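In UniProt numbering, the protein residues as written are 1 to 77.
Every residue gets a Cβ at the ideal spot worked out from N, C-alpha and C, and that includes glycine.
Note that this is a predicted model, so its numbers are computed, not measured.
The next block holds one structure in the form of structure tokens; read it before the comments.
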């Protein structure tokens, strides 16, 4: 294994962990806000953009994109 291969694997592992953390946060927000979760995320994303915080806006956008999957998983249980 080349050094670059190990770096790539570490990056993939870190990205997967971030995705797991974001999926957990999406579930938490869905439980907290219910049917208004999507609107809450859009409002937070827009507020972050108005504040010039593109990183935070992208975070809320990623959470928003996780919502349909999260809702589908909750409805199976």
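* Can you tell me where the alpha helix (DSSP H) with residue 50 in it begins and where it stops? -> 37–50
* Asked: For residue 45, which residues from the same chain have a beta carbon less than 6 Å from its beta carbon, with the 5 sequence-adjacent residues on both sides left out?
  -> Only 57, 60, 61 meet the Cβ criterion.
* Separation of residue 43 from residue 28, as counted between CA atoms -> Near 17 Å, if we compare the C-alpha coordinates of residue 43 and residue 28.
* For residue 66, name the three-state secondary structure that DSSP assigns. => helix
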